[in-house]
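Protein chains in written order, with our numbering: chain A, 1 to 589; chain B, 1001 to 1118.
Glycine included, every Cβ here is placed at the ideal spot set by N, Cα and C.
Beneath this line is the structure, given in structure tokens, with notes to follow.
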Amino acid sequence: MKIIGTIIAIAFTLTAFAQSVKIYEIEGGQKREVLQRFSIVDINSELEIKLNVDSLSLAISGENNSHPELQKKLDFHTRILKDQVEIQTLINTEFNEASTEAEKAKVLGTFSDKVDDMYDLVAQEDGMMAKFNDYMFTFRNLPEAEKAKWQNYHIAWSMQQLNVEMEKEFAVLKNDIAKEKVQIQLYAYLHTKKENYKRVHIDNFDDYEGGEFHEVPRFASSFSEDDLAALQRNQKMADQLNVLVKDNFKNFSEVLKTNIESYDCILAMSADLKNLIDKRDDLFEENKEDIEEILDEFKPELDAALLVLKNMKDFDTRNLVESFSLLQIDFKVVLDSFLVRVEKSKDKLTKLSEIPEIKSFVKNLEECKPKIESDLARVNQIIEVTMNVLKPGAGAVEVSEKIVGDAFQFTINNLPETGYINLKAAGRRDDNDKIEIQLKIIRDNVNPKPIILEKRYLTMIQVKIHSVSNVSLILAQPYFYSSDVVKLDNPFQFAPAGNLLFKKGSRENKTWNFINPGFGFSMSTPDFDLDGVPEVGVGAVVTALNDVISLGISYNTKTDNPYWFFGLSLPFDMMGLPVNTIQTESDMK
Amino acid sequence: MEFSDKTIQVDGGIIPSEVLNNPDYKSLKLVILVADEALLVEAEELAKAVVGGTIREVVFMKEPNLEELANQIPGLPSNSKAFSLSKKNMLAYVITDLTYPAFEADRAFVKAGKTKFN
């Protein structure tokens, strides 16, 4: 038994040929393989990356088809030995332990099914049948004591003989790959909603500086400053929505216009530019060529921006959602392009900024730029949510390639077997962000450009029970109330809400993680009596889809009645909504 | 040729019922219909293995009657040189080519042990 166990360790290293990279998650002292079909890990865990040199040799040789015959042979052998570990385990641990008829039948069935699959493959090639026939003949003639070590059955011994042959074939392959000077590198990248391809350090494989150490907190027991700020913004948004609902969305275009911060400055700049163009012959004598070039460059960009603003003014409230969707995309494209133009012309403008008229234009430009950027950021957030709420992770993000060290290059002969990634040192990350692991090769003598041989994507989530805080905008409907106290005209009222939610992730159930349900407490501030002072409501809430939607029941402590609510929590706040116009009963009179 | 107790020699044309349904135990059987020494030797060697606590036996039929055997074992082809039976005496595998006797004998025993036959 001991000898067979040793043989498993020595010879049966050739499993899982399909993958050169195997990943294990180490968390709380436990190590578990991250199976490719799930590829979900805890966000605060450590990853162990195992490289299978034999599989890698096959993949490298397969990449340029350098050893077709050997490759074919090894592929075939690999398929034959696919289940060898399971077969060995059955022989070693369960053959003699089955005592009841049911246990015997189960062991026999499992063993026979697996060996039969193997023999079906062996029978596909005359040479392989001959090989196994010879193995059995040789085994039969081994000394009895030797045979006893193999449970008096050839199968484990025969598989080991095939492994030994494969080891020799692999040695030839590895030697050739080493001669070809193939360099091997392992990279890890972090993909978050804010940036892509941020390099992550892998112990033994690179000397990148580690990212910011960040342990994603497991329990949120109170609302963060961001939550409280969002709650305030939601209060204002709720107030405005209540007004808009009352006016049947008639003032939506006005609302949009009022709240685009860059609206006024774009108008001012456009006026500046028009003035400069109109008077260019009088104003500029020196550098006229340069100035005209700049004016010509800026004019189409500003005209486009003005057109978007005009569209905003003439906003079609009959088809609210579609119009808003088109408008936000136009806004993004045009203002993105405008910012690019500003960057491109920066040097020329600086050079000419001694001219008073240009100085004024530059000043307006400098003041307008952060406002445009701020508006763009908000529009981008809206686009990301509206376009991708059902496709998380597909949003537009920046590509970040911060090179702060080098990935080591290895040959097939000195490649470390194991690398480690501490996710806590990978920097800021959130649930459903991804880690990408790339195995690359460089064929120095053929093509210096790296070739990606294998990629793995891992989704990071909080697996254990954890709590999060969340702010949403709810639509509340009171019931069992006295009309003396609750004075709403509409059956519903918008109100801000803060939730403290409990959640649990799954390493295997992607649908569960996608729905990402949360259960917890809710606190909201409706104004059912319309006195302009929000009341406090407390209750229970259920959320789904990363807390984007919520449903709950609460109790208004002032008006003394319950209400149910439906909520939306989107990562944008004041976009298009005026401030400081709280609706009160007196306003309505 | 000498045989061990792993090989049951049958003189008649069909398999005796006490061999098919031994009251003391159930086994996987490789029934050999031709006097091929290589096959008999390899089969007996393979029968020494007790796989998953299940006994393997070789049944050597010196003068098989293929017509009657086909009635006894439904589905048995006329060109059979050997065949294997599961614990439930279901026909699992038929050997018709003896180029690789050891491999064929083991494959026959393995097929007889498959879940679907037992």
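In DSSP terms, what residue i is bridged to
{"i": "Ser-524/A", "result": "Ala-497/A, Gly-537/A"}
{"i": "Ala-1082/B", "result": "Ile-1032/B, Ile-1095/B"}
{"i": "Gly-552/A", "result": "Val-541/A, Phe-565/A"}
{"i": "Met-1061/B", "result": "Val-1010/B"}
{"i": "Gln-151/A", "result": "DSSP, once it has assigned bridges, lists no residue as partnering Gln-151/A."}
{"i": "Gly-518/A", "result": "Thr-543/A"}
{"i": "Glu-22/A", "result": "Note on residue identity: the sequence assigns Lys, not Glu, to residue 22/A. DSSP output for Lys-22/A lists Lys-50/A as bridge partner(s)."}
{"i": "Asp-206/A", "result": "Ala-407/A"}
{"i": "Val-182/A", "result": "Arg-443/A"}
{"i": "Asn-64/A", "result": "Looking at the DSSP assignment, Asn-64/A forms no beta bridge with any residue, so it has no partner."}
{"i": "Val-468/A", "result": "Leu-501/A"}
{"i": "Lys-434/A", "result": "His-191/A, Thr-459/A"}
{"i": "Gln-71/A", "result": "For Gln-71/A, which the question treats as bridged, DSSP gives no partner whatsoever."}
{"i": "Gln-477/A", "result": "Trp-564/A"}
{"i": "Ser-337/A", "result": "In DSSP, Ser-337/A forms no bridge with anything."}
{"i": "Ser-1027/B", "result": "Ile-1055/B"}
{"i": "Val-41/A", "result": "Met-460/A"}
{"i": "Lys-31/A", "result": "Ile-26/A"}
{"i": "Asn-1071/B", "result": "Beta-bridge pairing links Asn-1071/B to no other residue."}
{"i": "Tyr-263/A", "result": "Answer is none; Tyr-263/A lacks a bridge partner."}
{"i": "Glu-454/A", "result": "Leu-439/A"}
Proximity test, Cβ basis, 9 Å: residue i and chain A
{"i": "Thr-1007/B", "result": "no"}
{"i": "Glu-1037/B", "result": "no"}
{"i": "Phe-1103/B", "result": "yes"}
{"i": "Leu-1091/B", "result": "no"}
{"i": "Val-1041/B", "result": "yes"}
{"i": "Glu-1057/B", "result": "no"}
{"i": "Asp-1106/B", "result": "yes"}
{"i": "Lys-1048/B", "result": "yes"}
{"i": "Val-1124/B", "result": "It is not possible to answer for residue 1124/B, since the shown part of chain B is limited to 1001 through 1118."}
{"i": "Glu-1045/B", "result": "yes"}
{"i": "Lys-1087/B", "result": "yes"}
{"i": "Thr-1096/B", "result": "no"}
{"i": "Gly-1113/B", "result": "yes"}
{"i": "Asn-1022/B", "result": "no"}
{"i": "Asn-1118/B", "result": "yes"}
Contact belief for residue i with residue j at Cβ below 8 Å, rounded distance in angstroms
{"i": "Asp-282/A", "j": "Leu-335/A", "result": "That belief does not hold up - the Cβ atoms of Asp-282/A and Leu-335/A are roughly 31 Å apart, past 8 Å."}
{"i": "Leu-352/A", "j": "Asn-414/A", "result": "Their Cβ separation, rounded to whole angstroms, is 59 Å, which puts Leu-352/A and Asn-414/A out of contact at 8 Å."}
{"i": "Leu-1028/B", "j": "Arg-1056/B", "result": "5 Å"}
{"i": "Gly-567/A", "j": "Ser-467/A", "result": "18 Å between Cβ atoms; not a contact."}
{"i": "Asn-1095/B", "j": "Ala-1112/B", "result": "Just to set this straight, residue 1095/B is Ile in the shown sequence, not Asn. Incorrect: roughly 12 Å between the Cβ atoms, too far for contact."}
{"i": "Val-245/A", "j": "Asn-490/A", "result": "6 Å"}
{"i": "Lys-193/A", "j": "Gly-1052/B", "result": "Wrong, their Cβ atoms sit about 53 Å apart, outside the cutoff."}
{"i": "Thr-557/A", "j": "Val-536/A", "result": "5 Å"}
Min CB distance residue i to chain B below 9 Å
{"i": "Leu-439/A", "result": "no"}
{"i": "Ser-591/A", "result": "Residue 591/A lies beyond the residue range present for chain A, which begins at 1 and ends at 589; the question has no answer from this structure."}
{"i": "Leu-108/A", "result": "yes"}
{"i": "Lys-104/A", "result": "yes"}
{"i": "Met-387/A", "result": "For Met-387/A, the pLDDT reaches just 49, beneath the cut-off of 50, and the residue's location in the model is therefore unreliable, although a value from the coordinates is still provided. No, Met-387/A lies away from the interface with chain B (no Cβ there is under 9 Å from its Cβ)."}
{"i": "Val-115/A", "result": "yes"}
{"i": "Asn-133/A", "result": "yes"}
{"i": "Leu-90/A", "result": "yes"}
{"i": "Met-129/A", "result": "yes"}
{"i": "Glu-401/A", "result": "Because the pLDDT at Glu-401/A is just 47, under 50, the model does not fix this residue reliably, and the value given afterwards should be weighed accordingly. False, the Cβ-Cβ gap to chain B never drops below 9 Å."}
{"i": "His-77/A", "result": "no"}
{"i": "Met-136/A", "result": "yes"}
{"i": "Gly-393/A", "result": "Because the pLDDT of Gly-393/A is 39, which lies under 50, any placement of that residue in the model is unreliable, and the question is left without a value."}
{"i": "Leu-390/A", "result": "Low confidence applies to Leu-390/A: its pLDDT is 38, below 50, so where it sits in the model is not reliable enough to give any reading."}
{"i": "Ala-544/A", "result": "no"}
{"i": "Gln-151/A", "result": "yes"}
{"i": "Ile-412/A", "result": "no"}
{"i": "Ala-123/A", "result": "yes"}
Residue i: CB within 8 Å of a non-hydrogen atom of the ligand FMN
{"i": "Leu-473/A", "result": "Absence of the ligand FMN is noted for the structure shown, with no ligands found whatsoever."}
Quiz item: Can we say the stretch 470 to 482 of chain A touches the stretch 553 to 563 of chain A, given the rule of at least three CB pairs closer than 8 Å?
Solution: The stretch 470 to 482 of chain A, when compared against the stretch 553 to 563 of chain A, does touch it at the 8 Å Cβ threshold.
Exercise. Output the residue ranges of the beta strand (DSSP E) runs that lie fully inside the stretch 215 to 241 of chain A and measure 3 residues or longer, sorted by chain position.
Key: DSSP assignment within the stretch 215 to 241 of chain A yields no whole beta strand (DSSP E) run of 3 residues or more.
Quiz prompt | Stretch pair the stretch 104 to 111 of chain A + the stretch 126 to 146 of chain A: three plus CB contacts closer than 8 Å | solution = The stretch 104 to 111 of chain A makes no contact with the stretch 126 to 146 of chain A: fewer than 3 CB pairs, one atom from each, lie closer than 8 Å.
Exercise. Could you tell me whether the stretch 61 to 79 of chain A touches the stretch 171 to 182 of chain A, where touching means 3 or more Cβ pairs closer than 8 Å?
Key: Yes, the stretch 61 to 79 of chain A touches the stretch 171 to 182 of chain A.
Quiz item: Going along the chain, which unbroken runs of the alpha helix (DSSP H) with 4 or more residues stay wholly within the stretch 80 to 157 of chain A?
Solution: Listed in chain order, they are 84 to 89, 101 to 122, 126 to 140, 144 to 149.
Self-check item: Any 3 or more C-beta pairs closer than 8 Å across the stretch 519 to 528 of chain A and the stretch 440 to 460 of chain A
Solution: These segments do not touch.
Quiz item: Using 8 Å as the threshold, is the stretch 431 to 449 of chain A in touch with the stretch 71 to 80 of chain A, meaning 3 or more CB pairs across them?
Solution: No, the stretch 431 to 449 of chain A does not touch the stretch 71 to 80 of chain A.
Exercise. Assess, as a yes-or-no matter, whether the stretch 263 to 272 of chain A is touched by the stretch 364 to 373 of chain A under the definition of 3 or more beta carbon pairs within less than 8 Å.
Key: Touching, yes, given that three or more Cβ pairs across the two stretches are closer than 8 Å.
Practice problem: Inspect the CB distances between the stretch 1054 to 1068 of chain B and the stretch 1012 to 1032 of chain B and report whether three or more fall short of 8 Å. | Solution: As far as the Cβ criterion goes, the stretch 1054 to 1068 of chain B touches the stretch 1012 to 1032 of chain B, which means the pair count is three or higher.
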